[in-house]
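Number of protein chains: 2
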Amino acid sequence: MTTPVLAVSRRTRSTPFTPRVEALGVKGYTVYNHMLLATSFRGVEQDYHHLKRHVQIWDVGCERQVELKGPDAAHLLQLMTVRDVSNTQFGQGLYVPLVDEDGGMVNDPVVLKLGEDRFWLSVADSDVWLWARGLAYGLGLDVEVFEPDVWPLAIQGPRAEELMTAAFGDAVRGLRFFGFQPFAFRGHDFIVARSGWSKQGGFEIYVDRADLALELWDYLWDAGEPFNIGPGCPNVIERIEGGLLSYGNDMTRENNPLECGLDRYCYTQGGFDSIGLAAVEKIHRKGIIRKVRGLRIDGDPAAVGTEAWAVHDGSNPIGQVTSAAASPDFGCIVAFAMLDKGFWSPGQTVRVNTPHGERSGTVCDLPFPKPEAKQV
Amino acid sequence: MTTPVLAVSRRTRSTPFTPRVEALGVKGYTVYNHMLLATSFRGVEQDYHHLKRHVQIWDVGCERQVELKGPDAAHLLQLMTVRDVSNTQFGQGLYVPLVDEDGGMVNDPVVLKLGEDRFWLSVADSDVWLWARGLAYGLGLDVEVFEPDVWPLAIQGPRAEELMTAAFGDAVRGLRFFGFQPFAFRGHDFIVARSGWSKQGGFEIYVDRADLALELWDYLWDAGEPFNIGPGCPNVIERIEGGLLSYGNDMTRENNPLECGLDRYCYTQGGFDSIGLAAVEKIHRKGIIRKVRGLRIDGDPAAVGTEAWAVHDGSNPIGQVTSAAASPDFGCIVAFAMLDKGFWSPGQTVRVNTPHGERSGTVCDLPFPKPEAKQV
Numbered sequence: 001m002t003t004p005v006l007a008v009s010r011r012t013r014s015t016p017f018t019p020r021v022e023a024l025g026v027k028g029y030t031v032y033n034h035m036l037l038a039t040s041f042r043g044v045e046q047d048y049h050h051l052k053r054h055v056q057i058w059d060v061g062c063e064r065q066v067e068l069k070g071p072d073a074a075h076l077l078q079l080m081t082v083r084d085v086s087n088t089q090f091g092q093g094l095y096v097p098l099v100d101e102d103g104g105m106v107n108d109p110v111v112l113k114l115g116e117d118r119f120w121l122s123v124a125d126s127d128v129w130l131w132a133r134g135l136a137y138g139l140g141l142d143v144e145v146f147e148p149d150v151w152p153l154a155i156q157g158p159r160a161e162e163l164m165t166a167a168f169g170d171a172v173r174g175l176r177f178f179g180f181q182p183f184a185f186r187g188h189d190f191i192v193a194r195s196g197w198s199k200q201g202g203f204e205i206y207v208d209r210a211d212l213a214l215e216l217w218d219y220l221w222d223a224g225e226p227f228n229i230g231p232g233c234p235n236v237i238e239r240i241e242g243g244l245l246s247y248g249n250d251m252t253r254e255n256n257p258l259e260c261g262l263d264r265y266c267y268t269q270g271g272f273d274s275i276g277l278a279a280v281e282k283i284h285r286k287g288i289i290r291k292v293r294g295l296r297i298d299g300d301p302a303a304v305g306t307e308a309w310a311v312h313d314g315s316n317p318i319g320q321v322t323s324a325a326a327s328p329d330f331g332c333i334v335a336f337a338m339l340d341k342g343f344w345s346p347g348q349t350v351r352v353n354t355p356h357g358e359r360s361g362t363v364c365d366l367p368f369p370k371p372e373a374k375q376v
Numbered sequence: 377m378t379t380p381v382l383a384v385s386r387r388t389r390s391t392p393f394t395p396r397v398e399a400l401g402v403k404g405y406t407v408y409n410h411m412l413l414a415t416s417f418r419g420v421e422q423d424y425h426h427l428k429r430h431v432q433i434w435d436v437g438c439e440r441q442v443e444l445k446g447p448d449a450a451h452l453l454q455l456m457t458v459r460d461v462s463n464t465q466f467g468q469g470l471y472v473p474l475v476d477e478d479g480g481m482v483n484d485p486v487v488l489k490l491g492e493d494r495f496w497l498s499v500a501d502s503d504v505w506l507w508a509r510g511l512a513y514g515l516g517l518d519v520e521v522f523e524p525d526v527w528p529l530a531i532q533g534p535r536a537e538e539l540m541t542a543a544f545g546d547a548v549r550g551l552r553f554f555g556f557q558p559f560a561f562r563g564h565d566f567i568v569a570r571s572g573w574s575k576q577g578g579f580e581i582y583v584d585r586a587d588l589a590l591e592l593w594d595y596l597w598d599a600g601e602p603f604n605i606g607p608g609c610p611n612v613i614e615r616i617e618g619g620l621l622s623y624g625n626d627m628t629r630e631n632n633p634l635e636c637g638l639d640r641y642c643y644t645q646g647g648f649d650s651i652g653l654a655a656v657e658k659i660h661r662k663g664i665i666r667k668v669r670g671l672r673i674d675g676d677p678a679a680v681g682t683e684a685w686a687v688h689d690g691s692n693p694i695g696q697v698t699s700a701a702a703s704p705d706f707g708c709i710v711a712f713a714m715l716d717k718g719f720w721s722p723g724q725t726v727r728v729n730t731p732h733g734e735r736s737g738t739v740c741d742l743p744f745p746k747p748e749a750k751q752v
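Line by line, the protein sequences are chains A and B. When you line the first sequence up against the working numbering, it's residues 1 to 376, in that order. When you line the second sequence up against the working numbering, it's residues 377 to 752, in that order.
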């Protein structure tokens with residue numbers, strides 16, 4: 001098996017932070033929303049330990065914003081999601097499953113309400129702007145849909161709040177989870193949110209000024225020195241431990257939000273205009289036939305590549321593993337599996353065909369129950 | 377500058393041919409339509425020489441098909457493009473610029489008419505299925521839009537016809553450019569078209585049976601042995617020489633089809649229902665303000681990375697280079713440049729800021745005029 005390099009071009013867009021990412025020795029990239037996203041610096045496991053103990057700065061410029069702007073912006077947003085967004089408040093982000101008319105997942109962005117008629121959808125890896133524009137055109141809605149140049153920068157890790165307080169003052173501490181407010185840097189107000197794609201705590205800064213991007217990066221880096229700041233990126237081990245599903249990996253257009261465990265973001269009783277609502281209500285009534293679960297797998301470390309691992313009960317196929325990584329803190333392989341009805345109860349054991357052979361797995365809830373404290 | 381590896385996951389989908397691509401020593405990948413696409417095997421320049429002299433087999437499974445099926449399929453297709461598609465014939469593919477209501481390029485697929493109510497769009501790198509579905513839903517059209525599992529496999533190079541004739545018989549020779557018809561393999565009819573993303577001649581097989589994919593690959597490989605078959609992929613040097621623009625690199629949603637030199641695929645006189653037609657007609661009336669041209673650049677080899685190169689006239693910016701590669705056969709760097717009005721006449725000289733410093737460039741038509749025959 002070779003380990004091919006990523007051949008870049010304009011089509012695999014860089015971000016204003018790419019020079020720092022390169023200088024800090026990025027070892028792996030993926031492409032996300034047609035843009036570079038680092039996958040490791042000192043190695044996935046070393047990055048993981050650092051993320052869980054200190055603080056990291058992440059170039060997540062690939063979390064593209066899709067802006068909805070105009071009198072029908074709120075209406076279009078509601079049409080796209082099965083979550084009731086009528087009470088969305090300025091200053092409070094909202095996780096919303098985007099669902100098509102068949103109940104299939106289109107994306108799972110965080111929505112920021114910037115004004116009565118203005119929203120940002122911080123999207124996962126699919127061209128949501130095309131879906132939104134198609135709907136807006138077809139329905140004759142009075143709304144602009146576009147992708148503004150905004151490149152999120154994340155500060156993640158247990159010492160993220162200390163760093164951000166040092167950088168922006170005590171007001172940072174007042175941010176609730178998913179809450180956001182503007183903070184000034186070099187005379188420009190940047191939106192800062194308490195959010196990010198780890199369970200270690202942290203913040204995301206919505207950088208909408210390319211000319212200030214490197215200055216901001218360096219300012220945060222300097223502010224982070226006392227807290228042992230390091231370069232980082234979404235970490236596959238930590239995200240699985242934390243139960244963070246990845247669109248395209250653990251859920252696709254083939255999945256509905258209920259089987260993805262997103263029940264609490266679906267208002268299946270309805271009462272609002274949503275394209276996907278009828279389909280999701282129907283699935284809810286009939287009951288789902290498969291469900292995402294955690295899986296602890298014994299044996300050798302291994303990661304899921306481009307192909308899911310088959311799960312079976314000894315003889316018949318009962319599901320598939322969509323992401324997996326060896327967890328040092330849990331002492332096993334942690335994984336997400338989409339499991340058939342009858343096989344998703346916590347504690348059940350299943351068989352998994354890994355690249356290293358067949359292994360035993362134990363079903364568990366998500367997020368993974370924390371392991372016993374270990375000596376470090 | 378590091379050369380990071382591509383970290384793969386389910387989100388960067390493999391194809392049924394990936395095992396052969398890996399076994400043949402792929403050196404670089406990119407991600408295209410959320411799928412792996414090889415970028416070199418023996419090195420871009422060695423691949424180039426081989427492609428122009430012999431024949432190659434390419435895994436272009438990333439050319440995803442978007443299927444439009446149902447009574448309104450033809451209507452939806454026409455809405456999405458500014459090319460008149462009313463006379464599309466079964467058996468004849470058509471290159472169509474997809475354009476939004478602002479005249480911006482959404483994609484540039486080849487359309488295959490499979491039946492009166494059934495089309496495949498063989499798409500470049502954007503989620504066209506989301507655009508098409510959004511329009512269909514919003515306009516209440518009676519059409520299904522989905523991405524069937526079809527993975528094109530290409531045979532490209534001057535000896536492609538010999539190979540394909542050996543594999544499928546003399547009927548292959550009857551295919552016109554972009555023409556297609558079914559050919560049987562192991563009892564299954566595969567659509568075969570005379571097309572492909574090189575100017576060396578060749579064919580694309582629309583592989584809609586994953587279980588036959590490797591068998592077909594091996595069959596073609598064996599048939600190609602007398603013609604010195606090798607592994608290959610779209611080659612950046614050859615495609616620039618041949619004037620093949622790449623969506624995402626040389627044209628984006630920021631560009632209209634007229635400035636991309638796609639005039640001959642735009643019926644600006646209209647007479648049919650198309651979302652982008654009014655915008656393109658308006659641009660046509662006012663005249664374009666920039667245009668894609670070829671550029672021969674002197675000096676050291678270099679390739680455009682994620683950032684375009686600035687073009688200027690000695691003092692003022694006049695455009696940008698979007699793709700570039702050192703051409704052994706042309707003895708210079710060949711490039712695509714989007715140039716401002718007044719600076720796009722063939723023969724004009726411009727200045728280009730390359731990573732190796734400022735260079736002189738000469739504007740030329742596309743495709744590049746063939747160089748004098750060289751001794752090989």
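The C-beta atom is built at its ideal place from N, Cα and C for all residues, glycine as well.
Just verifying my parser: in three-state terms, what is the DSSP assignment at B:Leu444?
strand
Mind checking A:Glu259: buried by the 16 CB within 10 Å criterion, or exposed?
buried
Please determine, among B:Lys746, B:Thr391 and B:Val381, the residue with the shortest C-alpha to C-alpha distance to B:Ile616.
B:Lys746
Near A:Val236, what residues of its chain come up, given a Cβ to Cβ distance below 8 Å and the 5 sequence neighbours on each side ignored?
Thr39, Val44, Ala303, Ser323 and Ala325
For B:Gly606, the three-state DSSP class (helix, strand or coil)
strand
On the three-state DSSP scale, how would you describe B:Pro380?
coil
I'd like to know whether the C-beta of A:Arg383 is nearer than 8 Å to at least one C-beta of chain B.
In this structure chain A extends from 1 to 376, so residue 383 of chain A is not present and cannot be described.
For the stretch 494-509 of chain B, list every residue whose C-beta sits within 9 Å of some C-beta in chain A, in sequence order.
Asp501, Ser502, Asp503, Val504, Trp505, Leu506, Trp507, Ala508 and Arg509
B:Tyr405 versus chain A: which residues are under 8 Å apart at the beta carbon?
Pro4, Val5, Leu6 and Ala7
CB contact below 8 Å: A:His34 versus chain B
yes
Contacts of A:Ile275 in chain D (Cβ-Cβ under 7 Å)
Among the protein chains of the structure shown, namely A and B, there is no chain D.
Determine the extent of the beta strand (DSSP E) in which A:Pro19 is found, giving its start and end residues.
Taken as a continuous stretch (DSSP letters only), A:Pro19 belongs to no beta strand (DSSP E), being part of the alpha helix (DSSP H) at Thr18 to Ala23.
Extent of the continuous beta strand (DSSP E) to which B:Leu517 belongs:
Taken as a continuous stretch (DSSP letters only), B:Leu517 belongs to no beta strand (DSSP E), as it is neither H nor E.
Using 8 Å as the threshold, is the C-beta distance between A:Asp340 and A:Ile289 below it?
yes
Can you check DSSP and say which residues form a bridge with A:Cys260?
Paired residues: none, contrary to the question.
Taking only three categories from DSSP, how would you classify A:Gly299?
coil
Of all the CB atoms in chain B, is at least one closer than 8 Å to the CB of A:Glu254?
no
Could you pull the DSSP bridge partners for B:Tyr408 from this structure?
B:Met411
Could you work out which residues of chain A lie near B:Glu683, taking near to mean beta carbons separated by less than 7 Å?
Ser14
Spell out a yes or no on whether the stretch 107-123 of chain A and the stretch 58-66 of chain A are touching, meaning 3 or more CB-CB pairs, one atom from each, closer than 8 Å.
yes
Please compile the residues from chain B whose C-beta is within a distance smaller than 8 Å of the C-beta of A:Asn249.
Ser385, Arg386 and Arg387
Give the interface partners of A:Asp100 over in chain B, defined as CB-CB distance under 7 Å, in chain order.
Arg509
Beta-carbon gap between B:Lys445 and B:Arg509 smaller than 8 Å
no
Confirm, please, whether the CB-CB distance from B:Tyr623 to B:Met763 is below 8 Å.
A question about residue 763 of chain B goes unanswered here, because the residues of chain B that appear run from 377 up to 752.
Can you find a C-beta in chain B that's less than 8 Å from the C-beta of A:Thr39?
yes
Pick out the complete alpha helix (DSSP H) segments inside the stretch 62-106 of chain A, 4 residues or longer, and give them in chain order.
73-80
Continuous alpha helix (DSSP H) stretch holding A:Leu277: start and end
Leu277 to Lys286
With respect to the beta strand (DSSP E) encompassing A:Trp197, which residues constitute its N-terminal and C-terminal limits?
Per DSSP, A:Trp197 belongs to no beta strand (DSSP E) and is neither H nor E.
Spell out the partners DSSP gives B:Met714 in its beta bridges.
B:Val668 and B:Gln696
What residues in its chain sit with their C-beta under 6 Å from that of A:Lys301, if we drop five residues either side in the sequence?
Looking at the sequence provided, one finds Pro at residue 301 of chain A rather than Lys. Ala326.
Would you check whether the ligand ZN has a heavy atom nearer than 7 Å to the C-beta of B:Ser390?
The ligand ZN is absent from the structure shown, which contains no ligands of any kind.
Which two residues bound the contiguous alpha helix (DSSP H) that contains A:Phe168?
Ala160 to Phe168
Is DSSP giving A:Val123 helix, strand or coil here?
coil
Could you give the distance in angstroms between the alpha-carbon of B:Gly606 and the alpha-carbon of B:Asn631?
36 Å
Sub-8 Å separation of B:Trp527 and B:Thr682 beta-carbons
no
Measuring alpha carbon to alpha carbon, tell me which residue in B:Ala383, B:Gly545, B:Thr388 and B:Pro395 is nearest B:Leu590.
B:Pro395
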